[in-house]
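One structure is given below, encoded as structure tokens.
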Amino acid sequence: MLDCSELCGKIVAEQVIDCNSIIVKGIEQAVLLINRCDIDNYSVVKSDTEHKATAINLKPGTTGYLIKGLNGKSLFNASHSINVNDDAPDDWNHTVALRGWNLTEANLVYIRNLGRGADLVAITLDKTASDDLNKYKVYGLENGLKIGEYSQNTGENKGAFIYTLASKAPDFETDPPVVWLEADLPATDAKYLNKLAVAVTP
Numbered sequence: 026m027l028d029c030s031e032l033c034g035k036i037v038a039e040q041v042i043d044c045n046s047i048i049v050k051g052i053e054q055a056v057l058l059i060n061r062c063d064i065d066n067y068s069v070v071k072s073d074t075e076h077k078a079t080a081i082n083l084k085p086g087t088t089g090y091l092i093k094g095l096n097g098k099s100l101f102n103a104s105h106s107i108n109v110n111d112d113a114p115d116d117w118n119h120t121v122a123l124r125g126w127n128l129t130e131a132n133l134v135y136i137r138n139l140g141r142g143a144d145l146v147a148i149t150l151d152k153t154a155s156d157d158l159n160k161y162k163v164y165g166l167e168n169g170l171k172i173g174e175y176s177q178n179t180g181e182n183k184g185a186f187i188y189t190l191a192s193k194a195p196d197f198e199t200d201p202p203v204v205w206l207e208a209d210l211p212a213t214d215a216k217y218l219n220k221l222a223v224a225v226t227p
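Shown next as structure tokens:
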């Protein structure tokens with residue numbers, strides 16, 4: 026019989042439905058993007074009962090950037106999938122699908138920088154109860170997300186530019202996305218609303 030102590034992972038709890046924590050439909054149409062190079066430090070707890078980031082701190086003078094979609098639509102989405110490897114530990118691909126409207130100069134600069142290798146972390150907000158402790162998810166925290174697919178055609182999708190940010194080989198993630206919850210939910214909400222910005226100390 027196989028010894029469980031020889032395994033890196035085993036199930037330790039049943040999967041149940043929490044009626045107070047059911048995602049209505051996807052994620053809110055606003056995703057917070059952070060340059061990985063702007064992260065000063067972060068803490069993640071992974072155990073038999075926990076899988077979350079308990080701190081994400083940016084460097085002084087930096088901030089996250091909120092990418093907004095259309096209210097009432099479900100055009101932004103996030104996903105993750107496992108890569109089953111024959112000759113190495115399995116790993117995970119994180120993907121966030123976004124789109125933008127209007128090819129303004131500012132948006133073209135944004136697109137250009139994605140194409141030049143911007144390395145990002147994405148924080149999504151589930152469409153769920155406002156007091157749900159699991160509502161924030163972090164994608165790409167370990168190894169970042171980069172531009173995966175991009176397309177824009179003035180004759181399609183109302184001229185929107187559609188793109189994905191995804192894990193890129195060989196820098197996949199060790200695990201699925203983590204929940205983000207710092208000291209408590211009000212503190213996490215406040216930090217999210219401030220886009221994790223850190224002022225420069227005089």
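Here my numbering = 1-based position in the sequence shown + 25.
Positions of the beta carbon are idealized from the N, C-alpha and C atoms, including for glycine.
Three-way DSSP call (helix, strand, coil) for Arg239 in this model: Outside the modelled stretch of the chain, which goes from 26 to 227, sits residue 239, for which no answer is possible.
Kindly indicate the opening and closing residues of the alpha helix (DSSP H) around Ile92. Reading the sequence shown from its first residue, position 67 is the one you call residue 92. Counting along the chain, Ile92 falls outside any alpha helix (DSSP H), though it belongs to the beta strand (DSSP E) covering Tyr90 to Lys93.
What's the call for Gly89, buried or exposed, on a 16-neighbour Cβ count within 10 Å? If you number the sequence shown from 1, residue 89 lands on position 64. With 16 or more other Cβ atoms within 10 Å, it is buried.
How would you write the range of the beta strand (DSSP E) that Lys160 sits in, first residue to last? On the sequence shown, position 135 is the one that residue 160 refers to. It is not in any beta strand (DSSP E) - Lys160 carries neither H nor E in the DSSP assignment.
Check Thr199 in the structure and name its three-state DSSP category. Along the sequence shown, one-based indexing puts residue 199 at 174. Coil, per DSSP.
Rounded to whole angstroms, what is the Cα-Cα separation between Leu206 and Asp65? Position 181 of the sequence shown, counting from 1, holds the residue named residue 206. Position 40 of the sequence shown, counting from 1, holds the residue named residue 65. Distance between the alpha carbons of Leu206 and Asp65 is about 17 Å.
State buried or exposed for Glu198, treating a residue as buried only when at least 16 other CB atoms are found within 10 Å of its CB. What you label residue 198 is simply residue 173 of the sequence shown in a count that begins at 1. Its Cβ being crowded by 16 or more others within 10 Å, Glu198 is buried.
Would you call Tyr175 buried or exposed, if buried means 16 or more other Cβ atoms sit within 10 Å of its Cβ? Along the sequence shown, read from residue 1 onward, the residue named residue 175 stands at position 150. Classification of Tyr175: exposed, given that the 10 Å Cβ count is below 16.
What residue does the beta strand (DSSP E) around Ile187 start on, and which one ends it? Position 162 of the sequence shown, counted from the start, is the residue given in the question as residue 187. Membership of Ile187 in the beta strand (DSSP E) is indicated by the continuous run Phe186 to Ala191.
Span of the beta strand (DSSP E) holding Val223? The residue labelled residue 223 in the question sits at position 198 within the sequence shown. Premise fails: Val223 is in no beta strand (DSSP E) and is neither H nor E.
Between which two residues does the beta strand (DSSP E) carrying Thr213 extend? Along the sequence shown, one-based indexing puts residue 213 at 188. Premise fails: Thr213 lies in the alpha helix (DSSP H), Leu210 to Leu218, not in any beta strand (DSSP E).
Own chain residues within Cβ distance below 8 Å of Arg124, not counting five before or after: Start at 1 with the first residue of the sequence shown, and residue 124 comes out as number 99. These residues qualify, in order along the chain: Gly94, Leu100, Phe101, Asn182, Ala185, Phe186, Ile187 and Tyr188.
Per DSSP, what kind of secondary structure is Gly169 in: helix, strand or coil? The sequence position of residue 169 within the sequence shown is 144, counting from 1. Coil at Gly169, not helix or strand.
Identify every residue that forms a DSSP beta bridge with Arg141. As a working mapping, residue 141 is identified with position 116 in the sequence shown. Beta-bridge pairing links Arg141 to no other residue.
Assess contact between the region 148 to 160 and the region 129 to 138, defined as three or more Cβ pairs (one per stretch) separated by less than 8 Å. Is contact present? no
Grouping DSSP H, G and I as helix and E and B as strand, with all else coil, what is Val109? Looking up residue 109 in the sequence shown gives position 84. In the structure shown, Val109 sits in coil (DSSP, three-state: anything other than H, G, I, E or B).
Would you kindly work out how many angstroms separate the C-alpha atoms of Asn110 and Pro195, rounded to a whole number? Along the sequence shown, one-based indexing puts residue 110 at 85. Along the sequence shown, one-based indexing puts residue 195 at 170. Between the alpha carbons of Asn110 and Pro195 lies a gap of roughly 12 Å.
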